[in-house]
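**Q**
Residue numbers (mature numbering (1 follows the signal peptide of the UniProt record, and there is no 0)): -23 to -1, 1 to 196.
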């Protein structure tokens, strides 16, 4: 029994140390993550080109290439105790190696996308995103991320199991065929000089008829 208690205390201390170390990097000066409810997801494909938009609830951020003073993006989620958190990330370009570190999470690094769901380590959970590999050494890497808390009235593990984990932002393109190319907007056709010249004699003839008619009525 004593050994079990000691082990429990050690686990708690490790979790607190991990949370404290990440909180030191990702303080409350970093933005709190604003979760979008599923019923309010923007499902318009044009949202993918608007970086202020939230396609399927995802938020945009960027790893800056060779920009001094730019730290790795960090966010935090509040009121997470007793809940699971689903973490989904997708990069642009799609083959970039992206990593996410979170309180109570092992650091996860994957190419292109990340999908992870597990119990939150506490009431406030910090997440840091960073980039690895050659793709990060040559250009900026844009990425979309979404953090989703499980509802309070469901079993967190069952909730994680039931998540599809496939609704990344690029899934909005599935409604179009692979060879789909949007039609370019055509500007209005300008009136040609030839049509102006042709219309002038007609207009002059009509005007002459109207003047002649009025003159006849007067006399």
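We put the CB at the ideal spot given by N, CA and C, even for glycine.
Residue 79 and residue 104 - do their beta-carbons sit closer together than 8 Å?
**A** For the purposes of this step, residue 104 is taken as residue 127 along the chain shown, with counting starting at 1. For the purposes of this step, residue 79 is taken as residue 102 along the chain shown, with counting starting at 1. Yes, Cβ-Cβ distance for residue 104 and residue 79 is below 8 Å.
**Q** How would you label residue 54, buried or exposed, when you count the other beta carbons within 10 angstroms and need 16 or more for buried?
**A** Walking along the chain shown from the start, residue 54 turns up at place 77. Result: buried.
**Q** Pair every Cβ in the segment 79 to 89 with every Cβ in the segment 34 to 43, then say whether three or more of these pairs are closer than 8 Å.
**A** Contact fails: fewer than three Cβ-Cβ distances are below 8 Å.
**Q** Is there contact here, the segment 108 to 120 with the segment 51 to 69, by at least three beta-carbon pairs under 8 Å?
**A** Enough Cβ pairs lie closer than 8 Å, so yes.
**Q** Our contact map puts residue 126 next to residue 57 with C-beta atoms below 8 Å; I'd like the distance itself, whole angstroms only.
**A** Taking the chain shown and counting its residues from 1, one reaches residue 126 at position 149. Taking the chain shown and counting its residues from 1, one reaches residue 57 at position 80. Correct: roughly 6 Å between the Cβ atoms.
**Q** For residue 19, name the three-state secondary structure that DSSP assigns.
**A** Residue 19 sits at position 42 when you count from the first residue of the chain shown. Residue 19: strand per DSSP, three-state reduction.
**Q** State buried or exposed for residue 20, treating a residue as buried only when at least 16 other CB atoms are found within 10 Å of its CB.
**A** Your numbering for residue 20 matches position 43 in the chain shown. Burial call: exposed.
**Q** Given this structure, state the Cα-to-Cα distance separating residue 92 from residue 124, to the nearest angstrom.
**A** For the purposes of this step, residue 92 is taken as the residue at position 115 of the chain shown. For the purposes of this step, residue 124 is taken as the residue at position 147 of the chain shown. If you take the alpha carbons of residue 92 and residue 124, they lie about 10 Å apart.
**Q** Comparing alpha-carbon positions, which option in 28, 8, 107, 140 lies nearest residue 74?
**A** As a first step, residue 74 must be located in the chain shown, where it is residue number 97. When each option's Cα is compared against that of residue 74, the closest is 107.
**Q** What is the rounded straight-line gap between the Cα of residue 22 and the Cα of residue 3?
**A** For this step, residue 22 is matched to residue 45 along the chain shown. For this step, residue 3 is matched to residue 26 along the chain shown. Each residue's alpha carbon lies about 32 Å from the other.
**Q** Does any CB atom of chain C fall closer than 8 Å to the CB of residue 119?
**A** No chain C appears in this structure, which consists of one protein chain only.
**Q** Please list, in chain order, all residues of the same chain as residue 72 whose beta carbon is under 8 Å from its beta carbon, the five residues on each side excluded.
**A** The residue labelled residue 72 in the question sits at position 95 within the chain shown. Here the set comprises 88, 89, 112.
**Q** Use the C-beta contact count for residue -2: other C-beta atoms within 10 angstroms, 16 or more gives buried, fewer gives exposed.
**A** Within the chain shown, residue -2 is the residue found at index 22, counting from 1. The residue in question, residue -2, is buried, as its Cβ has 16 or more Cβ neighbours within 10 Å.
**Q** Can you tell me where the beta strand (DSSP E) with residue 104 in it begins and where it stops?
**A** Here residue 104 refers to the residue found at position 127 of the chain shown. Residues 102 to 109.
**Q** Measure the beta-carbon distance from residue 97 to residue 61 and round it to whole angstroms, keeping in mind my assumption that it falls under 8 Å.
**A** Counted from its first residue, the chain shown places residue 97 at position 120. Counted from its first residue, the chain shown places residue 61 at position 84. Confirmed, Cβ separation roughly 7 Å.
**Q** Can you find the residues in the same chain that come closer than 8 Å, C-beta to C-beta, to residue 95, ignoring five residues on each side of it along the sequence?
**A** In the chain shown, counting from the first residue as 1, residue 95 sits at position 118. Here the set comprises 61, 62, 81, 82, 137.
**Q** When you compare each of 59, 77, 27 to residue 128 by their alpha carbons, which one comes out closest?
**A** Residue numbering aside, residue 128 sits at position 151 when the chain shown is read from its first letter. Ranking 59, 77, 27 by Cα distance to residue 128 puts 59 first.
**Q** Pull up the distance between the alpha-carbon of residue 24 and that of residue 32, whole angstroms please.
**A** Translated into the one-based positions of the chain shown, residue 24 becomes position 47. Translated into the one-based positions of the chain shown, residue 32 becomes position 55. Rounded to the nearest angstrom, the two C-alpha atoms are 6 Å apart.
**Q** Leaving out five residues on either side along the sequence, give the residues of the same chain with a beta carbon under 8 Å from the beta carbon of residue 114.
**A** Position 137 of the chain shown, counting from 1, holds the residue named residue 114. Cβ neighbours of residue 114 beyond the five flanking positions: 42.
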